[in-house]
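Numbering (the UniProt record's numbering), first residue to last: 1 to 321.
Think of the CB as a built atom: it goes at the ideal place given N, C-alpha and C, for glycine as much as any other residue.
This structure is a prediction, so every number in the text was calculated from the model and none was measured.
A short write-up of the structure that comes next.
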Ligand SMILES: C[S@@+](CC[C@H](N)C(=O)[O-])C[C@H]1O[C@@H](n2cnc3c(N)ncnc32)[C@H](O)[C@@H]1O
Ligand code: SF4
Ligand code: SF4
């Protein structure tokens, strides 16, 4: 199958034409009338995780609570997600692979429009209609384990290697299903190049974003300035060297040299409305996918934000709240 854009072939593009038209209409409506209609989705499909990573925002605001059933999610997909014509939905958590029944339901209702972000410490299941897996790797082995727990890198690596050694999926080699995402912070920034070299030629893509703090003085935040800008320039150089592997555009990653998002905890240039974000109970999270449905919860610092999924929209000219 020929890849045209982001791993999608002619048949995908033909089937999904109504969604491209819908997104195009939403962008035009935004540009002409400042009409803000969500284009993408993010869903915390569960309220549990097997790891407790040092940098993780999810644990900050996590409260005890039940998960929804797969049928509850089917209803939410029909009534909220598909009604809003959300093009691609990213399943997050917690750890979404602990709920394969919910992933299966999303794949049934939104074929080839579902990505799963995972720590990949459990074997990766083949879902017929999945778009791809975003596997989180926070540096090379030693640093990744410092952040995610001893032995986690080896498990994740093995599960990726087992998956890509498996059969094709929908006529495509399995390595195409694996994209790596690295969240850069003050402890792992020096491993960006080594991680890229380690996985190049084995998996499909790698993408970088920066740690987003929820409080001033978070030691994991990389302050704006020379060191952070050097990391950004390294990623731009990697993009030039491996244009098909590194997913960040120079324009998007350059935004990470400074404040592109907002003031304090308020989004200004960040188009937080463009991604409809659901928590594990199907409630809308504010202001964005790392926020919360509870207005009293701790909030991310927009003025120090490093998230990739919103800054990519800013780089494409979709700006503002
Ligand atoms: C919350 S996790 C949920 C999915 C899955 N458990 C995983 O680790 O991939 C989703 C992504 O958010 C990233 N993340 C966690 N805390 C973050 C923070 N404070 N700033 C930016 N990204 C963060 C993680 O590294 C991971 O790639
Ligand atoms: S595995 Fe994911 S959700 Fe769990 S603690 Fe780590 S980053 Fe957070
Ligand atoms: S993505 Fe970043 S800038 Fe946008 S609302 Fe969330 S924390 Fe603020």
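Nearest-angstrom Cα separation, counted from residue j out to residue i
{"i": "residue 207", "j": "residue 180", "result": "6 Å"}
{"i": "residue 202", "j": "residue 86", "result": "31 Å"}
{"i": "residue 251", "j": "residue 168", "result": "34 Å"}
{"i": "residue 195", "j": "residue 95", "result": "22 Å"}
{"i": "residue 263", "j": "residue 28", "result": "27 Å"}
{"i": "residue 249", "j": "residue 157", "result": "26 Å"}
{"i": "residue 187", "j": "residue 212", "result": "14 Å"}
{"i": "residue 254", "j": "residue 92", "result": "26 Å"}
{"i": "residue 234", "j": "residue 193", "result": "8 Å"}
{"i": "residue 88", "j": "residue 142", "result": "33 Å"}
{"i": "residue 1", "j": "residue 171", "result": "For residue 1, the predicted model reports a pLDDT of 40, less than 50, meaning its position is unreliable and no value from the coordinates is stated."}
{"i": "residue 173", "j": "residue 165", "result": "9 Å"}
{"i": "residue 226", "j": "residue 302", "result": "21 Å"}
Pair within 9 Å by beta-carbon distance, residue i and residue j
{"i": "residue 97", "j": "residue 75", "result": "no"}
{"i": "residue 114", "j": "residue 107", "result": "yes"}
{"i": "residue 316", "j": "residue 215", "result": "no"}
{"i": "residue 184", "j": "residue 204", "result": "no"}
{"i": "residue 134", "j": "residue 102", "result": "no"}
{"i": "residue 39", "j": "residue 81", "result": "no"}
{"i": "residue 323", "j": "residue 182", "result": "In the structure displayed, the chain extends from 1 to 321; residue 323 sits before or after that span and is not available."}
{"i": "residue 176", "j": "residue 132", "result": "yes"}
Residue i classed as buried or exposed, judged by whether at least 16 other C-beta atoms fall within 10 angstroms
{"i": "residue 244", "result": "exposed"}
{"i": "residue 59", "result": "exposed"}
{"i": "residue 210", "result": "buried"}
{"i": "residue 139", "result": "buried"}
{"i": "residue 46", "result": "buried"}
{"i": "residue 71", "result": "exposed"}
{"i": "residue 159", "result": "buried"}
{"i": "residue 267", "result": "buried"}
{"i": "residue 295", "result": "exposed"}
{"i": "residue 31", "result": "exposed"}
{"i": "residue 64", "result": "exposed"}
{"i": "residue 18", "result": "exposed"}
{"i": "residue 162", "result": "exposed"}
Residue from the options whose Cα sits closest to the Cα of residue i
{"i": "residue 62", "options": "71, 52, 134 and 138", "result": "52"}
{"i": "residue 104", "options": "120, 84 and 130", "result": "130"}
{"i": "residue 231", "options": "205, 215 and 258", "result": "258"}
{"i": "residue 54", "options": "145, 199, 100 and 64", "result": "145"}
{"i": "residue 42", "options": "313, 309 and 314", "result": "309"}
{"i": "residue 313", "options": "23, 12 and 13", "result": "23"}
{"i": "residue 122", "options": "155, 14 and 150", "result": "155"}
Short CB-CB distance (under 9 Å) between residue i and chain B
{"i": "residue 29", "result": "The chain labelled as chain B is not found in the depicted structure, where only one protein chain is given."}
Residue i beta carbon near ligand 5 (any heavy atom closer than 8 Å)
{"i": "residue 287", "result": "In the structure on display, ligand 5 does not appear, and the ligands it does have are ligand 1, ligand 2 and ligand 3."}
Item to check | Three or more C-beta pairs below 8 Å linking the region 286 to 293 and the region 230 to 241 | outcome: no
Checklist entry - Can at least three beta-carbon pairs, one atom from the region 265 to 284 and one from the region 220 to 227, be found at a separation below 8 Å? => result no
Item to check | Cβ pair count under 8 Å reaching 3, the region 262 to 277 against the region 311 to 321 | outcome: yes
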